[in-house]
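*Asks:* Residues in the sequence shown are numbered from 65 upward in steps of one, following our numbering.
Positions of the beta carbon are idealized from the N, C-alpha and C atoms, including for glycine.
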Amino acid sequence: MRILITGGAGFIGSHIVDACREAGHQPFVVDDLSSGSRDNLPADVPFFEVDIRDQPSVAKVFAEVRPEAVCHQAAQMSVSRSVREPAFDAQVNLLGLVHIFDEAVKVGCQRLVFASSGGVLYGDVTEPADEDSPAAPISPYGISKWAGEKYLQFFVNEHKVQGVALRYANVYGPRQNPHGEAGVVAIFSQKMLRGETPRINGDGRYDRDYVYGPDVAAANLAALTKTLPEPFVAFNIGTGLKTDVNQLEEQVRKQVLRRLAADGRKVELAPAEHGPARPGDLRSSVVCAKRAENLLGWTPRVSLEEGLHRTVDWFADHAK
Ligand SMILES: NC(=O)c1ccc[n+]([C@@H]2O[C@H](COP(=O)([O-])OP(=O)(O)OC[C@H]3O[C@@H](n4cnc5c(N)ncnc54)[C@H](O)[C@@H]3O)[C@@H](O)[C@H]2O)c1
């Protein structure tokens with residue numbers, strides 16, 4: 065299948081490119097490289113350096129590629145930037161999204177998959193939230209993800225295509241961008257590998273559901289290919305398990321010490337410092353992914369321990 069992946073040069077998008085190729089599909093990538101990198105992609109993947117805000121250029125790509133499915137990952141993905149620059153957030157995450165879906169249906173694309181966010185949609189939840197939990201987005205980023213799902217439903221109803229929204233929990237893994245929702249894993253890994261002291265915001269008692277990037281790519285592949293019972297389905301993609309930032313710091317520390325010892329490097333790692341709390345940070349966010357298990361046949365495969373092992377190794381191998 066010809067699959068156009070927006071944001072394919074980014075963290076999650078590039079893992080989706082890998083998963084699509086492994087399954088025998090032909091991926092095409094649109095990305096403006098604002099946070100992604102060409103190095104994340106195999107050299108032979110057709111690549112279009114286009115800003116999704118630029119409608120004529122988006123239209124040209126679709127006319128050339130004529131994809132059968134679109135996997136829309138490109139986004140302004142910083143919650144704090146969305147608070148500082150809500151208009152910029154809406155230009156990329158709403159107007160850009162409309163350009164992608166509008167041009168997709170014009171060339172007969174039959175399936176639209178969208179990277180939404182369970183991490184920001186459900187607000188503060190202490191028990192795993194299912195997809196029917198009320199949406200309570202607070203930040204412009206969360207609001208644009210919620211509105212993005214509504215736009216997707218419009219295109220599904222109007223053009224009789226299949227639409228899938230994947231509401232990711234906090235995604236981490238190799239190639240991760242430190243500015244994203246689960247950026248803390250990248251930040252801790254890079255700092256500790258350099259022998260620097262990590263800083264925890266506030267008391268660190270902020271629970272999150274950490275899901276491994278290549279597992280999220282597998283969920284996208286299923287969303288792009290499986291027959292579904294409804295024209296529009298939203299799925300949570302997470303583990304249902306909570307880890308707070310203090311526990312996460314301990315687990316990253318363990319993996320960094322393992323790796324440094326294996327490399328024969330002697331580094332004294334000072335205990336983490338606690339800085340001021342970040343205003344607006346949710347205390348707890350965790351999702352229930354039973355629907356994805358039932359309808360997509362998807363479950364997370366990689367435990368947090370194994371995922372952090374691989375992630376720390378990747379950052380050590382790619383240290384600049
Ligand atoms: N990482 C997480 O924990 C997480 C959680 C929930 C949802 N998401 C969503 O998943 C998607 C992928 O996020 P990621 O973590 O891989 O981030 P990322 O920054 O690595 O990937 C986003 C990609 O989009 C590209 N991009 C940004 N603006 C663009 C524009 N105007 N035109 C074209 N390309 C543009 C970037 O260059 C980058 O390659 C995003 O939609 C994000 O909102 C991520």
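Determine whether the beta carbon atoms of K214 and V184 lie at a separation below 8 Å.
*Replies:* no
*Asks:* Applying the criterion that 16 or more other CB atoms from any shown protein chain within 10 Å of the CB defines a buried residue, is R317 buried or exposed?
*Replies:* buried
*Asks:* In angstroms, rounded to a whole number, what distance separates the CA positions of K306 and R272?
*Replies:* Distance between the alpha carbons of K306 and R272 is about 5 Å.
*Asks:* For F75 versus V93, is the C-beta spacing smaller than 8 Å?
*Replies:* no
*Asks:* Can you determine whether any heavy atom of ligand 1 sits closer than 7 Å to the C-beta of D115, and answer yes or no?
*Replies:* Checking the Cβ of D115 against ligand 1 gives yes.
*Asks:* Is any non-hydrogen atom of ligand 1 found closer than 7 Å to the C-beta of I69, if you look at the structure I gave you?
*Replies:* no
*Asks:* Buried or exposed for A87, going by 16 or more other Cβ atoms inside 10 Å?
*Replies:* exposed
*Asks:* Less than 7 Å separating the Cβ of Q254 from some heavy atom of ligand 1?
*Replies:* Not under cutoff, so the answer is no.
*Asks:* Span of the beta strand (DSSP E) holding C135?
*Replies:* 133 to 136
*Asks:* Taking all protein chains shown into account, do 16 or more other C-beta atoms lie within 10 angstroms of the C-beta of E314, making it buried, or fewer, making it exposed?
*Replies:* exposed
*Asks:* If you follow the alpha helix (DSSP H) that G183 is part of, which residue opens it and which one closes it?
*Replies:* Secondary structure note for G183: its alpha helix (DSSP H) is the uninterrupted segment 182 to 185.
*Asks:* Does DSSP put S78 in a helix, a strand or coil?
*Replies:* helix
*Asks:* Which residue marks the beginning of the beta strand (DSSP E) containing P335, and which one marks its end?
*Replies:* Neither: P335 is in no beta strand (DSSP E) and is coded neither H nor E.
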